[in-house]
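Have a look at the structure below before the remarks.
Protein chains: 2
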Amino acid sequence: MTTKAVNPETQRAKLERKERAILEAARGVFVEHGFDGARMSEIARRASIGEGTIYSYYESKAELMLTVLQQFWDGLTLEAEAVMASSQVDGFFERLQALAEYHLGTVIANADFINLTFALRRNNSEVSVSRDHLRHYVAVFDQLFRRGQDRGEIRQDAVLWQARDVFYGTLEYSARSIEMTMDTDRTERLQGPVVDEMISLFHSHYAVAHDTIETDRVTLDSLSSKLDQLSEQFDALARRLPQ
Amino acid sequence: MTTKAVNPETQRAKLERKERAILEAARGVFVEHGFDGARMSEIARRASIGEGTIYSYYESKAELMLTVLQQFWDGLTLEAEAVMASSQVDGFFERLQALAEYHLGTVIANADFINLTFALRRNNSEVSVSRDHLRHYVAVFDQLFRRGQDRGEIRQDAVLWQARDVFYGTLEYSARSIEMTMDTDRTERLQGPVVDEMISLFHSHYAVAHDTIETDRVTLDSLSSKLDQLSEQFDALARRLPQ
DNA sequence: TCCCTTATTGAGCTTGACTCGAAAATGCCG
DNA sequence: CGGCATTTTCGAGTCAAGCTCAATAAGGGA
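Read top to bottom, the protein sequences are chains A and B. Per our numbering, the first sequence starts with residue -5, numbered consecutively. Per our numbering, the second sequence starts with residue -5, numbered consecutively.
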């Protein structure tokens, strides 16, 4: 029951625990101060280890940041998949709305990490979040969209990556605008309208023509009934006519 | 004709020329190495001045970068306005296409500056490209859009900032995707389709219903005339009837 | 308990942004 | 022109922060 039995467990577990501690500390410091503002000494202090120890786990500050970012994106992917899995409804547009709300909220809350993901690519040409991590995240949308096509809710000739660009691009840009106006202006741009607009846009551009016919049908129906009415009157009149 | 006559001119011109030299050198170094990779010593060397001299023109490296960025955005604004001014056509969608092509090309060519514009905001909380510079640039789109509404090409109930988010957001995201696939994949995503999709999207979502009615109108008009015809026949028949 | 391997450490090295006193250039008057 | 005042330029030196490494500690098997 003493340390002997658990020792073999502790051997590797200790290192993993320490690595998690470093990552957790790093994440906090990076969030608070950004990449350049973050001090390795502070990360070490928060993880309760010596500054040099970090470098036996990570090659450099940039690589540490990279690991934090990849962990961040993996977390996002899991959460997004969870949102899709827990969605009560089955329709494409309801699910798209859930995804849009989740994504927008996340992007606003973690604007720093999103920016750094793409800023790192430039600053440190060797170190950048792998395409696969990002692809994995957007795959949530891709899957939803393809399913929408299979179920006949989305036009068959719609191009996946174009829709993806519209979806993520617009939401990220909106997030930035919302964030920018939040600091100073009192005219806070709310998240709701942004998502609504997104859904409405997908409706009018990617949905299989449906509701447009709906409105026209009213006109057509009324015309049709008028015709029927007229036809009846005509028949009645005709019957009253002599041979 | 000697130096005497031009001296009073040289007094302030000399400083401005030197400032331009610094900015030009800085711009080049920042483009080549990014913000962190750029060395103040190299900027000084390229501008043929001492390193300390830079600091009598700019407070810090960040402020120098900021000036470069603002100059960059001002340049973009002028070019975008020129694109609009020189546009041969007058229709909203043709002009939107010209703007989209220009913007997409620019964003792809200067992805570093675009990223740095927003990365700086985080890294150095005090120093960031002013909202006004960015607003001034997107105002080109705003003006075009409002004019489209005035001319009745765009729905009156369309919300400007929503359309703006879709336009710039989608194009920037597409640019990043294009850039990412350019490095490795051979399946280069071309710029043309992106712009086409953008126009098509604005057509279906923001355009005043026009072409959809066009097709329907044929049906409705023919139905209507048939009704009128029938009605006339009916009247004629009724008149021939005995009381 | 001894020894070997591995992990940890923080004092120093290096690099690069930034400062500052001095010198050079410029301007201004007699 | 020549001397005084102001401005501009300069680069050696300071400082801060990422990173290295030789020394030390910890762990673990015989």
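The beta carbon of each residue, even a glycine, is placed where N, CA and C say it ideally should be.
Asked, Found
"Let me make sure I understand the geometry here. Which of B/A152, B/A157, B/V188, B/L154 has the alpha-carbon closest to that of A/D159?", "B/V188"
"Kindly indicate if chain A contains any beta-carbon less than 8 Å away from that of B/L235.", "yes"
"Where does A/T164 land, buried or exposed, given buried means 16+ other C-beta within 10 angstroms?", "buried"
"Using only the alpha-carbon positions, how far apart do B/A203 and A/D190 sit?", "20 Å"
"Locate the alpha helix (DSSP H) running through A/R40, then write down its first and last residues.", "34 to 40"
"Out of curiosity, what's the CA-to-CA distance linking B/G22 and A/S80?", "50 Å"
"Can you list, in chain order, the residues of its chain whose CB lies under 7 Å from that of A/Y51, leaving out five sequence neighbours each side?", "E13, I16"
"Apart from the five residues just before and just after B/F107, which ones in its own chain have a Cβ nearer than 7 Å to its Cβ?", "L63, F66"
"Report the residue ranges of all alpha helix (DSSP H) runs contained in full by the region 139 to 189 of chain A; include only those spanning at least 4 residues, in chain order.", "154 to 177"
"Rank A/M59, A/Y49, A/I43, A/G46 by C-alpha distance to the C-alpha of A/L20 and give the top, closest one.", "It is worth fixing the name first, because residue 20 of chain A is Ala in this sequence and not Leu. Closest option to A/A20, Cα to Cα, is A/M59."
"Are the beta-carbon atoms of A/A94 and A/M174 separated by less than 8 Å?", "no"
"Using a cut-off of 8 Å between C-beta atoms, extract the partners of A/E57 located in chain B.", "Simply none; closest approach about 15 Å."
"For A/G186, does the count of other Cβ atoms within 10 angstroms reach 16, so buried, or fall short, so exposed?", "exposed"
"So which residues of chain B does A/R39 contact, with C-beta pairs closer than 8 Å?", "Within chain B, no residue comes near A/R39; the closest Cβ sits about 21 Å away, beyond 8 Å."
"Around the Cβ of B/R145, are there at least 16 other Cβ atoms within 10 angstroms (buried) or fewer (exposed)?", "exposed"
"Closer than 8 Å is the cut-off here; do at least three beta carbon pairs connect the region 83 to 102 of chain B with the region 68 to 75 of chain B?", "yes"
"With B/L235 as the anchor, note down where its alpha helix (DSSP H) starts and where it stops.", "Careful: B/L235 lies outside any alpha helix (DSSP H) and carries neither H nor E."
"The alpha helix (DSSP H) with B/Q64 in it runs from where to where?", "55 to 80"
"B/F135 and B/F112: beta carbons closer than 8 Å?", "no"
"For B/L154, return the contacting residues in chain A, with the cut-off set at a CB-CB distance below 9 Å.", "What B/L154 touches in chain A: nothing, since even the nearest Cβ is about 12 Å away."
"With which residues is A/A201 paired in a DSSP beta bridge?", "A/I148"
"Report the CB separation of B/M78 from B/K55 in whole angstroms; it is logged as a contact under 8 Å.", "About 35 Å separates the two Cβ atoms, so there is no contact after all."
"Between the C-alpha atoms of A/R125 and B/Q143, what's the straight-line distance to the nearest angstrom?", "40 Å"
"Please decide whether A/H199 counts as near chain B, where near means a Cβ-Cβ distance under 8 Å.", "yes"
"Please report how far the alpha carbon of B/I221 lies from the alpha carbon of B/Y167, in whole angstroms.", "For the record, residue 221 of chain B in the displayed sequence is Leu; it is not Ile. Each residue's Cα considered, the two are about 52 Å apart."
"Between A/V25 and the rest of its own chain, which residues show a CB-CB distance below 7 Å, the 5 nearest in sequence each way excluded?", "D106"
"Taking A/I239 as part of the alpha helix (DSSP H), name the residues at either end of that continuous run.", "A query on residue 239 of chain A cannot be resolved here, the shown segment of chain A reaching from -5 to 237 and no further."
"What is the DSSP secondary structure of A/V25, reduced to helix, strand or coil?", "helix"
"Specify, as a first and last residue, the run of the alpha helix (DSSP H) that A/G46 falls within.", "45 to 48"
"Helix, strand or coil for B/A124 per DSSP?", "Before going further, note that residue 124 of chain B is Ser rather than Ala in the sequence given. B/S124 falls in the coil class under three-state DSSP."
"Drop a sphere of 10 angstroms on the beta-carbon of A/E88, count the other beta-carbons inside from all chains shown, and report buried for 16 or more, exposed for fewer.", "exposed"
"Just the C-alpha distance for A/S129 and A/L70, rounded to the nearest angstrom, thanks.", "Note on residue identity: the sequence assigns Arg, not Ser, to residue 129 of chain A. If you take the alpha carbons of A/R129 and A/L70, they lie about 12 Å apart."
"Buried or exposed: which applies to B/L90, given that a residue is buried once 16 or more other Cβ atoms fall within 10 Å of its Cβ?", "buried"
"Report all residues from its chain with a CB closer than 7 Å to the CB of B/I102; omit the five preceding and five following residues, and keep chain order.", "A169, I172, E173"
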